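K.L.:
First the structure, then my questions, so here it is.
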Amino acid sequence: EHLKDCLMQTKVKQVNRKSRKRKHHSKKAEDALSKAAQDLAIAELSLQSVRLDLIAARESVDMKGSEGDNAGNTPPFSLLGMTHAIKNLTDATENVSGTMLHLKGEMRD
Numbered sequence: 001e002h003l004k005d006c007l008m009q010t011k012v013k014q015v016n017r018k019s020r021k022r023k024h025h026s027k028k029a030e031d032a033l034s035k036a037a038q039d040l041a042i043a044e045l046s047l048q049s050v051r052l053d054l055i056a057a058r059e060s061v062d063m064k065g066s067e068g069d070n071a072g073n074t075p076p077f078s079l080l081g082m083t084h085a086i087k088n089l090t091d092a093t094e095n096v097s098g099t100m101l102h103l104k105g106e107m108r109d
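Reminder that position 37 of the sequence shown reads as 37 in UniProt numbering, one-by-one numbering, no gaps.
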């Protein structure tokens, strides 16, 4: 009888340990999903910024093209603004990629 009780307690401890591990992994996965959502939101904002820069560039080119002699003498849009937008987009993409890899690792565990 005592042996049965000991075996039962051991089983209960194993189940509790597994349950705690699952909860811990679940929390880590939730945190990773939350970070992924934040990274995706940042990437979306970066894409919107790039889109606005491209619209401004197109409008600027349209205006410069109608000026005749002055056309082509100055850059039709802010190269610095486009560089920043592209860098932001690259950073956001890298963040999302890294988060997705991390998330896949969490799910495997």
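Glycine included, each C-beta is placed from N, C-alpha and C at the ideal position.
Keep in mind the model is a prediction, meaning the values are calculated, not measured.
Let me know if residue 99 comes out buried or exposed under the rule of 16 or more other beta-carbons within 10 Å of its beta-carbon.
P.N.:
Translated into positions along the sequence shown, residue 99 becomes position 99. Classification of residue 99: buried, given that the 10 Å Cβ count is 16 or more.
K.L.:
What does the alpha-carbon distance come out to for the pair residue 53 and residue 34?
P.N.:
Taking the first residue of the sequence shown as position 1, residue 53 is located at position 53. Taking the first residue of the sequence shown as position 1, residue 34 is located at position 34. The alpha-carbon atoms of residue 53 and residue 34 are separated by roughly 29 angstroms.
K.L.:
Since residue 50 and residue 92 should fall inside the 8 angstroms C-beta cutoff, what is the C-beta to C-beta distance between them, to a whole number of angstroms?
P.N.:
Counting from 1 along the sequence shown, the entry for residue 50 is found at position 50. Counting from 1 along the sequence shown, the entry for residue 92 is found at position 92. Wrong, their Cβ atoms sit about 10 angstroms apart, outside the cutoff.
K.L.:
Cα separation between residue 83 and residue 42?
P.N.:
The residue you call residue 83 lines up with position 83 of the sequence shown. The residue you call residue 42 lines up with position 42 of the sequence shown. Near 17 angstroms, if we compare the C-alpha coordinates of residue 42 and residue 83.
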